[in-house]
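So the sequence lines, in the order shown, correspond to chains Z and R.
Residues -19 to 180 in the numbering used here are what the first sequence spells out, letter by letter.
Residues 101 to 221 in the numbering used here are what the second sequence spells out, letter by letter.
The C-beta atom is built at its ideal place from N, Cα and C for all residues, glycine as well.
Fair warning: this is a prediction, and the values are worked out from it, not measured in the lab.
In what follows, a single structure is set out as structure tokens and then discussed.
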Amino acid sequence: MITAIAFYLLAAVSVASAFMVIASRNPVHSVMFLILTFFSAAGLFILMGAEFLALLLIMVYVGAVAVLFLFVVMMLEVDFVALKQGFLQYIGLGATVAVVLLTELILVGAAYFAGDGNTATPPNPDESNLEAFGHVLYTDYAFFFEASGFILLVAMIGAIVLTLRERDGVRKQDISKQIARTREDAVEMVDLKSGEGIGS
Amino acid sequence: MSGFLLEYLPILIVFGIATVLSLLFLVAAKIMAPASGDVEKLSTYECGFNAFDDSRMKFDVQFYLVAILFIIFDLEIAFLFPYAVSLDKVGIYGWAVVMIFLSELIWGLYYAWKKGALDWQ
Chain Z
-19 MITAIAFYLL AAVSVASAFM VIASRNPVHS VMFLILTFFS AAGLFILMGA EFLALLLIMV
41 YVGAVAVLFL FVVMMLEVDF VALKQGFLQY IGLGATVAVV LLTELILVGA AYFAGDGNTA
101 TPPNPDESNL EAFGHVLYTD YAFFFEASGF ILLVAMIGAI VLTLRERDGV RKQDISKQIA
161 RTREDAVEMV DLKSGEGIGS
Chain R
101 MSGFLLEYLP ILIVFGIATV LSLLFLVAAK IMAPASGDVE KLSTYECGFN AFDDSRMKFD
161 VQFYLVAILF IIFDLEIAFL FPYAVSLDKV GIYGWAVVMI FLSELIWGLY YAWKKGALDW
221 Q
């Protein structure tokens, strides 16, 4: 009963907020609705028993990707009025993508209903999703695990190479330079007679 | 309802309470607070003079770099979550695999550090 209510609530919220992502005028609001969509999708994942996916969705998509989207939206210096003007221009491309996506979804649904309706069953129903992942990820799929780590490394280096700019005239703290300073090159002792300055 | 979903029932209840409370505050503020805005009250206030610009300006690309680095380490943590619960099952082999994974990311951190990507300019 509660499960059904939760499902319909989450599904309704996710569909409505997904619609608002493309319908709202302000791109920042779009990103906020996207976050809401991610949240309700995570709730749907939990209802299906996929805890780990829900966790990933919240941690990676809500925590990181949405923030990145927000940065992009803020960095683009968007002219909102100009953004909406070319809307109809892309309708052909958009419709094509939509039709392809719909066909794929129908195919997936049809395959599910035409088959025996069974999805893959977990080998050990007692252990949680996360444990089941852990048991195979670090043993059977170790190579893919390392490869994903390598991809992350490449992504990090690529991001740094692309976006890191050295700029001049920035005063940074250089600790080794600070420590290497001696009394001799920092302090100068001058004997002054009273009434006279050191001049300049 | 299965026992697994029952564990998540408190979260659902908290979500419900949070939704109700936040809506309550919004609606209460709308109803109870006096609001008589005019053009001058609602326009952007910039300490005495008229506003030069709106707040939507270009951000520095540095923020973006920080966000990307954050995503990468966030994903790394996501990969390590299952390790926390299956530590006793995967044994020394799993430990070695995870250590190789971590060392790859540590090289990335070393590179970022050396290049000064973590310094704010």
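The beta carbon of tyrosine -12 of chain Z does not come within 8 Å of any beta carbon belonging to chain R, so the residue lies off that interface. Rounded to the nearest whole angstrom, the CA to CA distance from phenylalanine 13 of chain Z to arginine 5 of chain Z is 12 Å.
Separation of the CB atoms of phenylalanine 18 of chain Z and leucine -11 of chain Z is rounded to 16 Å, and the pair is thereby denied contact status at 8 Å.
A Cβ-Cβ distance of about 6 Å is found for the pair leucine 132 of chain Z and glutamate 176 of chain R, placing them in contact under the 8 Å criterion. Chain R has no Cβ within less than 8 Å of the Cβ of isoleucine 155 of chain Z.
Taking C-beta atoms under 8 Å as the contact rule, phenylalanine 51 of chain Z and alanine 167 of chain R qualify, at a distance of about 5 Å. In the structure shown, the three-state DSSP call for glutamate 204 of chain R is helix. Partner residues in the beta bridge of phenylalanine 149 of chain R, as assigned by DSSP, are R/Glu146.
In terms of Cβ geometry, asparagine 109 of chain Z and glycine 23 of chain Z do not form a close pair [threshold 8 Å]. Rounded to the nearest whole angstrom, the C-alpha separation of leucine 109 of chain R and methionine 39 of chain Z is 20 Å. Looking at the backbone, the Cα of glutamate 176 of chain Z and that of arginine 163 of chain Z are separated by about 25 Å. Measuring C-alpha to C-alpha distances from valine 139 of chain R to each of R/Val198, R/Asn150, R/Met132 and R/Gly216 identifies R/Asn150 as the nearest. Judged by pairs of C-beta atoms under 8 Å, the stretch 129 to 148 of chain Z touches the stretch 185 to 204 of chain R, as three or more such pairs exist. Residue contact with chain R for glycine 95 of chain Z: absent (no Cβ-Cβ distance below 8 Å to any residue of chain R). Between lysine 173 of chain Z and chain R, the shortest Cβ-Cβ separation is not below 8 Å. DSSP places isoleucine 113 of chain R in the helix class (H, G or I) of the three-state scheme. Between valine 190 of chain R and glycine 43 of chain Z, the C-beta spacing is not below 8 Å. Just measuring C-alpha positions, the residue of R/Leu180, R/Ala217 and R/Asp219 sitting nearest valine 116 of chain Z is R/Leu180. For the set Z/Leu35, Z/Met54 and Z/Tyr41, the Cα lying nearest the Cα of aspartate 160 of chain R is the one of Z/Met54.
For secondary structure counted as the beta strand (DSSP E) over 3 or more consecutive residues, the stretch 2 to 87 of chain Z holds no complete run. Boundaries of the alpha helix (DSSP H) harbouring proline 182 of chain R: 161 to 185, taken from the DSSP string. Straight-line measurement puts the Cα of glycine 72 of chain Z at about 12 Å from the Cα of valine 80 of chain Z.
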